[in-house]
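Novice: One structure coming up, written as structure tokens, with questions to follow.
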Amino acid sequence: MTGLNRKGLSLSTPPGAPRTFFFGWSIVGFTFMTQFTVGGMFYTYGVLQKPLSEALEVDRFAVSLAFSLQTLVVAVLSPWVGKLILRTPIRKVLAFGLAALLLGFVGFGQVRHLWHLYLAFGLLLAVASTLIGPLPSNAMIANWFVKRRGTALGISQLGISISGAVMVPIVSWLVETQGWRWAVTSMGLGLSAVLIPLVWKVAVFRPEDKGLLPDGQGVADSADGRIEPVSAWTFARALRDRRIWLLVAIVGPSFFGVGAVLLALHAHFTDMGLSAAQASSVVALATLMAALAKPLFGVLADVLNQRLLMAAALASQIVGLSLIVMLANPAGLMVAAFFYGLGYGAGMPMWTVFIGTLFGRAAFARVMGLMTPLTTPFTLFGFPFASLVFDATGSYQAAFVTVIVGIVLSIGAVGLLRLPEVSVARAGAPAR
């Protein structure tokens, strides 16, 4: 198999040559760790909220605003970072991200006033999250894989979910035994110690930079050569693109549901009369299924119709949420958690697979960066919406029904989306 790298040099794999380990899987492992790191910030903040509010002598709402601030900063920075990583060596971008990570966590452990928290967690760690998190990670995966892009993205994004299972108990134990200041400082030092050598040894943005081809062989990207140059992708251009808005409509309600449903489930179940242990078990099953869904749907996206897969994931969410609204017994709610977790866990890998299929690996980072401000409001307002509904009605049911309606509309948007024809390299996979 022959091809040309970005410098016009011939790349070839002689017929019958023995297969060697493809370096792209090292990129998958590396991005698993970067997304594990960013996921740890999300999952452990709930553990830190109470000790932070007590130490700073403020209410929990004020502490929660630091998390909202981080979300907003990431949304603002993402379009710029999507452009930056196409023009700047990826190791330099990641190095700045690691510097912000280390400085942010060390500063986090030293906060004495509320504005210190906003600076350390809301700003510095937001910069770190944008520079080392899902945007550059998914862009690298999209560059290194075409034929097995879904599989690679699913494994990489599994790091986000695994971080919750690993980091929450570790940080909880450190808070109880050493105090929250030492807990966050240790987390920053430990994660930085792991990532620094990985950035130096593993981080490579494109396979052509190592004299390789995507998937380890010459495969065509069905979107490459069919769209405008990357330089044409401005925010105004994205706002005029019908495909961008269809993708936002497809994933937005699911992202909204993570806040409006997942973060409210434990309280909802205990309000219904379940014990704290029973409620925790149901929520734990939902998060476990979400973790398993990422690699599962990633693998399936490489061999099955991607639109039908996304529709199935959305339908699974509808089934799970409908059962949550209708049922009150623990056994039935476990079934509901199975379907809901499986469905919402598929959202992120399928979103990134769609971006790669529609826009190609050359424009992937730029398009994903431009889309982030459009999807962020769904993530940002889900939990406050559920809280407002509860305050007004005494129940979360109306919030859950609202999410169901939104996901039904998402299925309609999937029906309107048109994906490029499958390339020769993917022959044998069903047409989309």
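Quick note on this note's numbering: the sequence shown kicks off at 15 and runs consecutively. No residue lacks a Cβ here, since even glycine has one placed at the ideal position from N, Cα and C.
1. Taking the C-alpha atoms as reference points, what is the distance between Val-52 and Ile-174?
2. What does the alpha-carbon distance come out to for the pair Ser-186 and Gly-136?
3. In whole angstroms, what is the alpha-carbon distance linking Arg-162 and Arg-74?
4. Are the CB atoms of Leu-112 and Ser-177 within a distance shorter than 9 Å?
5. Measure from the alpha carbon of Ser-3 to the alpha carbon of each residue in Asn-152, Ala-109, Gly-426 and Pro-398, then state which is nearest.
6. Give the straight-line distance between the Cα atoms of Arg-8 and Ala-197, rounded to the nearest whole angstrom.
7. Measuring only the C-alpha atoms, how far is Val-141 from Leu-172?
8. Mapping DSSP to helix, strand and coil, what is Phe-37?
9. Please specify which runs of the alpha helix (DSSP H), each continuous and at least 4 residues long, are wholly inside the region 140-167, giving them in chain order.
10. Got a sec: does the ligand ZN put a non-hydrogen atom nearer than 8 Å to the Cβ of His-282?
11. Are Gly-271 and Leu-388 closer than 9 Å when you measure CB to CB?
12. Is it a yes or a no for the region 299-308 touching the region 341-359, going by three-plus beta-carbon pairs under 8 Å?
13. Spatial neighbours of Leu-128 within its chain, please: C-beta separation below 7 Å, excluding the five flanking residues on both sides.
14. Just the Cα atoms here: how many angstroms apart are Val-438 and Gln-63?
15. Please classify Val-419: is it buried, with 16 or more other beta-carbons within 10 angstroms of its beta-carbon, or exposed?
16. According to DSSP, simplified to helix, strand and coil, what is Glu-71?
17. Going by C-alpha distance, which of Ala-377, Met-364 and Ile-169 is nearest Ala-325?
18. When you compare each of Leu-66, Ser-401, Gly-96 and Phe-44 to Thr-248 by their alpha carbons, which one comes out closest?
19. Select from Thr-386, Ala-329, Met-286 and Gln-320 the residue whose C-alpha is nearest the C-alpha of Val-262.
20. Give me the residue from Phe-283, Leu-277, Leu-133 and Ala-114 with the minimum Cα distance to Leu-203.
21. Keeping to the same chain, check which residues put their C-beta closer than 6 Å to that of Gly-361; ignore five residues upstream and five downstream.
22. Under the rule that 16 or more other beta-carbon atoms within 10 Å means buried, what is Val-208, buried or exposed?
23. Could you pull the start and end residues of the alpha helix (DSSP H) that His-280 belongs to?
24. Roughly how far, in whole angstroms, is the beta-carbon of Ile-155 from the beta-carbon of Val-42, given that I think they are within contact range, below 8 Å?
25. Is it buried or exposed, Glu-242, if we count other Cβ atoms within 10 angstroms and call 16 or more buried?
26. Suppose the cutoff is 7 Å on Cβ atoms and the five residues either side in sequence are ignored; what does the same chain contact list for Ser-200 look like?
27. Which residue from Val-415, Ala-109, Ala-153 and Ala-327 puts its Cα closest to that of Phe-219?
28. Using only CA atoms, which one of Ser-92, Thr-85 and Thr-407 lies nearest to Val-381?
29. Taking 8 Å as the limit between beta carbons, can you name the residues of its chain near Leu-323, skipping five residues before and five after?
30. Using alpha carbons as the reference points, say which of Gln-124, Glu-222, Tyr-410 and Ile-146 lies closest to Thr-48.
31. Which stretch, first to last residue, makes up the alpha helix (DSSP H) that contains Gln-331?
32. My guess is that Ile-425 and Leu-335 are in contact by the Cβ rule of under 8 Å, so how many angstroms apart are they, rounded?
33. With Thr-398 as the anchor, note down where its alpha helix (DSSP H) starts and where it stops.
34. For Trp-194, name the three-state secondary structure that DSSP assigns.
35. Going by beta carbon distance, what residues of the same chain come within less than 8 Å of Phe-283, once the five residues before and after it are set aside?
36. Could you tell me which of Gly-408, Arg-254 and Met-55 sits nearest to Val-180, measuring between CA atoms?
Specialist: Let's see:
1. 7 Å
2. 21 Å
3. 44 Å
4. no
5. The shown model of the chain, from 15 to 446, leaves out residue 3, and the question about it has no answer.
6. One cannot answer for residue 8 here, as it falls past the ends of the chain, which runs 15 to 446.
7. 22 Å
8. coil
9. 148-158
10. You won't find the ligand ZN in this model; it holds no ligand whatsoever.
11. no
12. yes
13. Leu-70, Val-72 and Ala-76
14. With a pLDDT of only 37 at Val-438, under 50, the local geometry of the prediction cannot be trusted, and no value is derived from it.
15. exposed
16. coil
17. Met-364
18. Gly-96
19. Thr-386
20. Ala-114
21. Val-265 and Ser-268
22. exposed
23. 279-286
24. 7 Å
25. Note that Glu-242 scores a pLDDT of 48, beneath 50, so its modelled location is shaky; the value from the coordinates is reported in the next line. Under this definition Glu-242 is an exposed residue.
26. Leu-188
27. Ala-153
28. Ser-92
29. Phe-311, Leu-314, Ala-315, Ala-360 and Met-364
30. Ile-146
31. 320-340
32. Between Leu-335 and Ile-425 the Cβ distance is about 13 Å, and since that is not below 8 Å, they are no contact.
33. With the sequence shown as reference, residue 398 is identified as Pro, and Thr is not the correct amino acid for it. Run containing Pro-398: 361-407, per the alpha helix (DSSP H) assignment.
34. helix
35. Gln-292, Ala-293, Val-296, Val-297 and Leu-347
36. Met-55
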